[in-house]
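Data first, discussion second: the structure below is written as structure tokens.
Number of protein chains: 4
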Amino acid sequence: MKIETTADYMESLKKIDPVIYYRGERIKDVTSHPATAPHVRSAAMTYSLANTDAYRDLATATSHLTGNVISRFTHVHQSVEDLIKKIKLLRVLGQKTGTCYQRCVGFDAINAVYTVAYEIDQKLGTNYFERFKKWLVDIQNQNLMVVGAMTDPKGDRSKGPAQQSDPDQYVRVVKRTRDGVVIRGAKLHMTGAVNSHEILVMPTTALDGQSKDYAIVCALPVDADGVTMIFGRQAGDDRRDKLERIDVGKPRFGAVGGEAVIVFDDVFVPQEKVFVNGETDFTGSLVYRFAAHHRANYGACKTGLMDVLTGAVSYLTQVQGTARASHVKEKITEMIHLSETLYSSSIATSAEGWATPSGGYMVDTMLANVCKQNVTRFHFEVARLALDLAGGFIATLPSEYDLRSEDVGHLVKKYFSGVEGIPTEERIRIGRLIEAMTGGTALVESMHGAGSPQAQRVMIFREGELEKKIKLAKVLAGIPTNKE
Amino acid sequence: MKIETTADYMESLKKIDPVIYYRGERIKDVTSHPATAPHVRSAAMTYSLANTDAYRDLATATSHLTGNVISRFTHVHQSVEDLIKKIKLLRVLGQKTGTCYQRCVGFDAINAVYTVAYEIDQKLGTNYFERFKKWLVDIQNQNLMVVGAMTDPKGDRSKGPAQQSDPDQYVRVVKRTRDGVVIRGAKLHMTGAVNSHEILVMPTTALDGQSKDYAIVCALPVDADGVTMIFGRQAGDDRRDKLERIDVGKPRFGAVGGEAVIVFDDVFVPQEKVFVNGETDFTGSLVYRFAAHHRANYGACKTGLMDVLTGAVSYLTQVQGTARASHVKEKITEMIHLSETLYSSSIATSAEGWATPSGGYMVDTMLANVCKQNVTRFHFEVARLALDLAGGFIATLPSEYDLRSEDVGHLVKKYFSGVEGIPTEERIRIGRLIEAMTGGTALVESMHGAGSPQAQRVMIFREGELEKKIKLAKVLAGIPTNKE
Amino acid sequence: MKIETTADYMESLKKIDPVIYYRGERIKDVTSHPATAPHVRSAAMTYSLANTDAYRDLATATSHLTGNVISRFTHVHQSVEDLIKKIKLLRVLGQKTGTCYQRCVGFDAINAVYTVAYEIDQKLGTNYFERFKKWLVDIQNQNLMVVGAMTDPKGDRSKGPAQQSDPDQYVRVVKRTRDGVVIRGAKLHMTGAVNSHEILVMPTTALDGQSKDYAIVCALPVDADGVTMIFGRQAGDDRRDKLERIDVGKPRFGAVGGEAVIVFDDVFVPQEKVFVNGETDFTGSLVYRFAAHHRANYGACKTGLMDVLTGAVSYLTQVQGTARASHVKEKITEMIHLSETLYSSSIATSAEGWATPSGGYMVDTMLANVCKQNVTRFHFEVARLALDLAGGFIATLPSEYDLRSEDVGHLVKKYFSGVEGIPTEERIRIGRLIEAMTGGTALVESMHGAGSPQAQRVMIFREGELEKKIKLAKVLAGIPTNKE
Amino acid sequence: MKIETTADYMESLKKIDPVIYYRGERIKDVTSHPATAPHVRSAAMTYSLANTDAYRDLATATSHLTGNVISRFTHVHQSVEDLIKKIKLLRVLGQKTGTCYQRCVGFDAINAVYTVAYEIDQKLGTNYFERFKKWLVDIQNQNLMVVGAMTDPKGDRSKGPAQQSDPDQYVRVVKRTRDGVVIRGAKLHMTGAVNSHEILVMPTTALDGQSKDYAIVCALPVDADGVTMIFGRQAGDDRRDKLERIDVGKPRFGAVGGEAVIVFDDVFVPQEKVFVNGETDFTGSLVYRFAAHHRANYGACKTGLMDVLTGAVSYLTQVQGTARASHVKEKITEMIHLSETLYSSSIATSAEGWATPSGGYMVDTMLANVCKQNVTRFHFEVARLALDLAGGFIATLPSEYDLRSEDVGHLVKKYFSGVEGIPTEERIRIGRLIEAMTGGTALVESMHGAGSPQAQRVMIFREGELEKKIKLAKVLAGIPTNKE
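Going line by line, the protein sequences match chains A, B, C and D. Under our numbering, think of the first position of the first sequence as 4, with each following residue one higher. Under our numbering, think of the first position of the second sequence as 4, with each following residue one higher. Under our numbering, think of the first position of the third sequence as 4, with each following residue one higher. Under our numbering, think of the first position of the fourth sequence as 4, with each following residue one higher.
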């Protein structure tokens, strides 16, 4: 049965029973538990947008495998146009949820594995590509949500997978049978894991020949035997969990993606869902393609968030009577400027996309890294400017309980009012929205999601074509270049 | 009785009974209520340091009024040396609490009112200076904690105090009697208010002749009739209130200063504690002196916090095995560089201090504004660098409940471990400390405490001596300057 | 006769006789005068690239007016593909000349006037579009170089054109006859003017109904009666003029575009070359379209320059033995990162291009402004990083005369040597190239070419759709939006 | 005879005959040669200021060796007050010359050698300190200008002095006799060398035991046998050399310090002027002390330059009619803010000064490095902002010859005019001043003078006391610290 609507999606999640812990206890129903429900609602937006006339063209695609109309989040990009539509879709979703809607991870994983599986088969005569397409058609037809599972714990980071004192610090195959493989280890920071249907496991780094057991790509359901998830804490999670409406800032949709640890405690995966198994030579390519797709996305979804933040601050300055001050306009201009700079990179990395041998399209990898690198700077700066304009009350505002209190509610209303005619509560709501979107977890995700800043710099240097640039300089300086 | 020790301070707070609301309910004992106790402990550090050999010289001073040894926080600066010792004291306190210890506000208020009261008397023949000294000797002898109360709600910021539709948006005198004045209004963001003994009220802006009722400086006890305080929310306050030990990050001392709204609902202040009453001409000077002292301090206390953050991140990179990577050293170098740049400004603004006619010393006002302006940039950048180096687990770490859980505790320990030999719990503790010190409230305070960024820029431009600089340029360019 | 080759271009310039002053004297032949020849050679590269197999596809286009293969620099963009090819062409030209090759100005002017002339005709029933196409076919067929002449002197910038005490501070029509118009005024900073064939005059700002005489768009040859050009000074121009080979840094191609003042001293322009004449309503649109095209270009050509600079510095660190230091790699990474961020914007602004009613394509205006704004920051930062890595000898290196001196040449060679085996002269040449590309004029052009920074900010704010963004925020904060 | 006045100084320079090359030819008289005269005039300001009532207190000091009133530039700092007065003196000199006045290098060298020579003697029983004091009394009494000669060519920077293929890439002793030493090598970037009287040679880096011959500190006259100087090129030097008055921008005083290479071609130095001779253990300390003093100075002299630049731009915006625009004020505010931030560091590094065992005072080394590091960033940013506000005419302005031309002078005057009543020539003069102070050499000096940026970062990291900071963090996070 295909998931079409938000309701379908909720129902589908109720039908499965993954092992999820949070604050030391099991979460039985992610659709209703206050800690996970907001994240479920964010992800649900990816389903509901496909049913909206205004966004159907962005939110759906035609499967090149079946010809069916499918969610774009299950599609393999077939053109530059696909890549650009994705970027526009992500910005809209960021604008509508003000947060992470989680399905990009699986989306990018699908696109990376698809193109690499093809290349492995071409080189080694394996059968991974057909297996993967079969699995993917299923995902497309049912419209399942997939969590792309890449980031390993890594233990002592000065050592590689095979050098760790605990060999499980990277997910690995502990047993191979005729029917499949048994895997052990964990994946951290798993966005959307607790409300996904399927996990697509990938290695976290390029591996050498000594690390064959770590070169595993495979898919499994979130409620497979031996899978345990532990849902992480976030800034302000208590307000969310206590169902506070105003103080949580953005009550309908959560902050970031609702990340979890996924532990694989000797989990069996059948052969037909194994897509790489020991081919270490291709791990670098796989990791890099996933990373490039994912990094390209950040300039789109985060721009959507910054649009919200810019709007929130603009409104707040109207409420506070400062909207016409020249320094206010100057700072809002800067917020827009930085947001659009990020968006540029996402558009450009798509516009410069190229076809892999499988037919699946890749983004420009240099520009994707540049895009994400700027996210790690500009999202912080945009947040800083928002806090500058919002004012100190973001840090000192009394609680919603005080606002509702018979004893002091009238004082809160009186002394947090702004220009005449706008209810104090609107000022408070916008203040809390800004608080929620500028502090802690929200920004950390922009820093480390899709790879930490240094990961991008390594790639930018590597792809910088310095020899070619040296030659340009030598020619202009009149230095012989025949040495090259 | 003089408050000498932490215990004395605690006892003194138990003896008074201010009206404090938090989450809609009264707080009866700030020393034990989980929301306020950590802030009380931070403030207590200002008392206990005076009893430590290593810091006594910084933490105490000799009163020029009585010759007694007093807390430096009740002292009127008598020299450049005093100003520099204050800076060193504040950095140490920042290092030891990792947060705001609140007593600077009253300290700076005392120094501002002292010098201005003198000047009013000199010009107008009033008697404010004697009144103030009398009150101050009392504060010094009892070693009371004073909250400097300046920031008004301001309502519609495009209008001045007298133009507001609600005249109470700035604290004002609503009645004058032979014995004293009755004041109404509120002060926002009042650092340390709930655990202070005395309030020193000041206007928030330079006032013109039409705003005489707003030109009020006076002192009153925190439990005076008609005073109500509402304690504000902070990022992560629930973790603090639930007495979580690890997840709160810095359980002993709170975040920022524990700010409150102070409402004055027709509060009577006797004449002998009124220090300015309608002399609008001096309000600009008063506000600016307070602001300059306070802005100068931020380069000291925040440097203390950044020292902690730099240490936390350094240790975390050791735990994670990344401490020797060149980009890690580079970023830690930048954190130190920015911290010390701030500290420079604080030292310089003291070194360039000058005697007012009263004998009380002022800091250099240009450099004080420059100092605070940089705090609004560099604290964010230092936090950003800390989050870069700390890694994504800051945003996704499971809770302490999971760490302690029988079901999943072993998984948390296994998969959040770092280099061999260091307990996972240390990594988690440091991670939570970094989380607490880099998100939300902690940074907002650096932005807006002691005046929002634009307030500093206005002063920097005003004090920039452009005419003098234009003359320098003209001379070098060979342009006649006799016009000036 | 169509100009096909560099030689054709040189010959064509010798045939005309514009009035050009430089250092108080007439320049008779721009192709051989040392001050102008390097700029002529840069512009010539736009011709010669069209004859190269590797770049023909970028450097030429098929005229939609005639079906002929033409220089892309005379083409009206007919598609997004055209816009993207232009960007790639500009980067290549920047890489090959290390400077401005000048033809973009006319190129962008052609595209702006084409689309606006069409719209004027549609609205007012005028005949400008046909006139313009006729003129343009001529330009295309002869492959002429056109200087787009926009920037007026502006006199007192606090006043508009009609308020100036000298009405000639903006180019204006001083007389209208049946056959044409007579114009007076000047255009500043005219890139490539002295080696162009034709001038395309446009207003510099949106005009209101009181400024009809300033609303003039027309074309005229550079040697028309009454046209006088004064060629500007540049940093290091003496080295260029004295034909120094090493010390000029980039002897073959000049720095920036070789800008000139063009004075129109009552110049007659016949009716068939007048394309706007008093239609003030369309001037805003015209200026903005030209500006958007031109701003979009800066992310391409300057990236080409930064590629050269990155290569130069990379080579220099090899020569000096520092190439493997981690901070060197870090800074080169940053240079690449900033360059590619700029390039992203140029690509994106093209990828988001759209068809005007005339069929001519416009770039995305928001992204074009964002692009140029970043140029005004990043080019300086890239230059700063280059100077950081290059070392202090950029500022203190003895002259080429010393290098060649019998007395001290051996000392220069000995004491400016680097790693063994690389001639000292190579180090010096690269050092001089970096000097030439990072100081003075070279950077000023990035700041102010295509409009000063504030011009972009005004547009970014204006196009920021704040009302839409406010609505997004209100929805997420639970604030009613029906007011909008 | 003591040099008292500018005239004395000029005369003293005419009396000596150092070997100086420039552009392949000997300079016979530095006081009149157009290339060197402006730099001589800058240095002369250090003499003339001592004769001015307003500045005598800053510009002179009382020798602790003789009790005589001496130039502060020959003084050994005896107190924090001395260190602070020096900073104020340097800012004034920067304001009055708009450039480098060169005498700091010798000043700082004197202070470094004085304190280290004392410590060597204390430890090793040598007699360097007495020798040095004898030499210094002579310098003080005659008021000689000393060039501190530190920076060696370094050849292949991946290798140390003793590993170079050419052993002369660092100055070294090639022969030791009973009477003295013979040295060979060169020093680069020697500020003020050509118009100094005496050279004080120091090693450029900390040396190990294998590099004894490189551990040489000694003094010699600039015209000693075997000394050759080659004067370097600068941006815009031709305009200076051709005695252009307007276009050189700052005709009276040059740009930067007038740097030269000093070559020592087997120069004999008598024993009594040798102050370190093989004591490699003390070279690190010597280099670091010199560097710290010198880095501390940059926040003072460059602030003086930025004061000029801020004034120049402010005036230019008045001329152009833009002075009241909000973005103009904003940018000028930022220029002041950055300048004063630098100044803060210089003041602070002095205020935190400390007495060495010799009694000579050192600045705070951490803050000195922080200060210089910020110079390498902020001077560029201040220049960038100046160019932003100045406008594009900085890059395209016709020459002074055109301004004076009968043919086109009236056009230049007409079309470069600003607000009514201010002569165009004033706009041009200010424009040229800004051009001279923001491009090329002027900025490179801020980058590399007193050590390249990375040199400061190494020291900032080294002095960052990370272990202490880690302990602070552990205490707050509740982690046991007994391990340390």
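Idealized CB from N, CA, C, for every residue including glycine.
One thing to note: D/L86 has its Cβ no nearer than 9 Å to the Cβ of D/A62.
Residue contact with chain D for B/F271: absent (no Cβ-Cβ distance below 9 Å to any residue of chain D).
Contact annotation, A/N146 with A/T77: C-beta distance approximately 7 Å; criterion of less than 8 Å satisfied. Within its own chain, the residues whose Cβ lies closer than 6 Å to the Cβ of D/T286, once the five positions on either side in sequence are excluded, are P206, A209, L210 and A218, listed in chain order. With at least 16 other beta carbons inside 10 angstroms of its own, A/A371 counts as buried. In its chain, beyond the 5 residues on either side, T118 and M365 have a beta carbon closer than 7 Å to the beta carbon of D/T359. The continuous alpha helix (DSSP H) containing D/S317 extends over residues T286 to Q323.
Rounded to the nearest angstrom, the gap between the Cα atoms of B/Y121 and B/D111 is 16 Å. Contact annotation, A/L96 with A/T49: C-beta distance approximately 7 Å; criterion of less than 8 Å satisfied. Here B/W357 is exposed, its C-beta having fewer than 16 other C-beta atoms within 10 Å. The Cβ of C/V259 sits no closer than 9 Å to any Cβ of chain A. Chain B has a Cβ within less than 9 Å of the Cβ of C/H330. Going by DSSP, D/K375 is part of the alpha helix (DSSP H) stretching over T368 to A393. By the neighbour-count criterion, in which a residue is buried when 16 or more other Cβ atoms sit within 10 angstroms of its Cβ, D/D241 is buried. Listed along chain B, no residue sits closer than 8 Å to C/E384 by beta-carbon distance, the nearest being about 16 Å off. Contacts with chain B at 9 Å (Cβ-Cβ) include C/E333. The beta carbon of B/L388 is closer than 7 Å to those of K334, E337 and M338 in its chain, skipping five residues each way along the sequence.
One alpha carbon belongs to B/Y131, the other to B/I142, and they sit about 16 Å apart.
Sixteen is the threshold: since fewer than 16 other Cβ atoms of the shown chains lie within 10 Å of the Cβ of C/D182, the residue is exposed. Under the three-state reduction of DSSP output, B/I265 falls in the strand class. The stretch 157-168 of chain D makes contact with the stretch 416-431 of chain C: 3 or more CB pairs, one atom from each, lie closer than 8 Å. The shortest C-alpha to C-alpha distance from B/N377 to any of B/M148, B/E343 and B/L139 is the one to B/E343.
Between C/K472 and the set A/E7, A/A10, A/Q98 and A/I30, the nearest pair of CA atoms involves A/Q98. Taking 9 Å as the cut-off, the Cβ atoms of D/T368 and D/Y301 do not count as close.
Separation of D/T194 and D/G260 (C-alpha to C-alpha, rounded to the nearest whole angstrom) is 5 Å. A distance below 7 Å between beta-carbons, with the five flanking residues on each side excluded, links C/D244 to the following residues of its chain, in chain order: P37 and A38. With respect to A/V264, A/L345 sits apart: the two C-beta atoms are not nearer than 9 Å.
In terms of Cα proximity to D/S449, the closest of D/D391, D/H382, D/I90 and D/L52 is D/H382.
Within the stretch 12-34 of chain D, the residues whose Cβ lies closer than 7 Å to some Cβ of chain C are Y24, R26 and G27, listed in chain order.
With fewer than 16 other Cβ atoms inside 10 Å of its own Cβ, A/A57 counts as exposed. A residue is called buried when at least 16 other Cβ atoms come within 10 angstroms of its Cβ; D/K375 meets this threshold and is buried.
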